[in-house]
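Asks: Numbering (the numbering used here), first residue to last: 869 to 1089.
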């Protein structure tokens, strides 16, 4: 087999952690396109180098600050929620932390080959959530400025609640033991307990109301 040129090998080794990010006010949400935030969703053991995790967090926080100057909602998201989200959902796929493991077990029982994970059209849970949350935030910010009845409804509190709800909309995909594998079969009361646990773990309580964290309980139902 022919040896790959050195420059090709070096190109393939480039990653988010070796790339300098330059932002300006004209980019809007384009800087998010095709990013995987350092997590490809493939590993099932949920391990990652601490230095890479911290660098990913730093890059995202800097990007949030650059794209959202003087925005207390996004500042608090980057401070309270983002560090906990990256930590809790490391290695979890958007199809669920145990998705590939379950498929592998089923195919093994049928004496079939395991599925390839590199072309499974999946992404990490972190990427899935952030790729949806940031554009949604831009829409909310623009709705605030419209001279319509929507402007009177979408304010800071509503933005915080929508963002918190978006983070939790796939709550069943967060990993065990925080979320049981059979959580879809549980009762509403048990779902409420899981949501409350995630609210605290992700510091969504502090994000929803930094001055009164327990106020989130008003919006659980």
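Cβ atoms here follow ideal geometry from the backbone N, Cα and C, with glycine treated the same way.
What span of residues does the alpha helix (DSSP H) with residue 1062 cover, start to end?
Replies: The residue you call residue 1062 lines up with position 194 of the chain shown. Residues 1056-1069.
Asks: Take residue 1035 and list the residues in its own chain whose beta-carbon comes closer than 8 angstroms to its own, dropping the five residues that flank it on each side.
Replies: Locating residue 1035 in the chain shown gives position 167, counting from the first residue. Within the same chain, Cβ atoms closer than 8 angstroms to the Cβ of residue 1035 are found at 949, 953, 997, 1001, 1070, 1072, the five residues on either side in sequence being excluded.
Asks: Applying the criterion that 16 or more other CB atoms from any shown protein chain within 10 Å of the CB defines a buried residue, is residue 938 buried or exposed?
Replies: Along the chain shown, one-based indexing puts residue 938 at 70. The residue in question, residue 938, is exposed, as its Cβ has fewer than 16 Cβ neighbours within 10 Å.
Asks: Measuring alpha carbon to alpha carbon, tell me which residue in 940, 957, 1084, 1053 is nearest residue 1032.
Replies: Counting from 1 along the chain shown, the entry for residue 1032 is found at position 164. The shortest Cα separation from residue 1032 among 940, 957, 1084, 1053 belongs to 1084.
Asks: What does the alpha-carbon distance come out to for the pair residue 992 and residue 960?
Replies: Numbered from 1 along the chain shown, position 124 holds the residue referred to as residue 992. Numbered from 1 along the chain shown, position 92 holds the residue referred to as residue 960. The straight-line gap from Cα to Cα measures roughly 6 angstroms.
Asks: Given this structure, state the Cα-to-Cα distance separating residue 975 from residue 1007, to the nearest angstrom.
Replies: In the chain shown, counting from the first residue as 1, residue 975 sits at position 107. In the chain shown, counting from the first residue as 1, residue 1007 sits at position 139. Each residue's Cα considered, the two are about 43 angstroms apart.
Asks: In whole angstroms, what is the alpha-carbon distance linking residue 1074 and residue 934?
Replies: Residue numbering aside, residue 1074 sits at position 206 when the chain shown is read from its first letter. Residue numbering aside, residue 934 sits at position 66 when the chain shown is read from its first letter. Roughly 22 angstroms separates the two Cα atoms.
Asks: Would residue 982 be called buried (16 or more neighbouring beta carbons within 10 Å of its own) or exposed?
Replies: Here residue 982 refers to the residue found at position 114 when the chain shown is read from its first residue. Classification of residue 982: exposed, given that the 10 Å Cβ count is below 16.
Asks: Which residue comes first and which comes last in the alpha helix (DSSP H) that contains residue 1034?
Replies: Taking the chain shown and counting its residues from 1, one reaches residue 1034 at position 166. Element bounds for residue 1034: 1024-1036.
Asks: With DSSP run on the structure shown, which of helix, strand or coil describes residue 1075?
Replies: Here residue 1075 corresponds to residue number 207 of the chain shown, with the count starting at 1. DSSP places residue 1075 in helix when its eight states are reduced to three.
Asks: When you compare only the Cα positions, how much space is there between residue 1051 and residue 1061?
Replies: Reading the chain shown from its first residue, position 183 is the one you call residue 1051. Reading the chain shown from its first residue, position 193 is the one you call residue 1061. Taking the CA atoms as reference points, residue 1051 sits about 11 angstroms from residue 1061.
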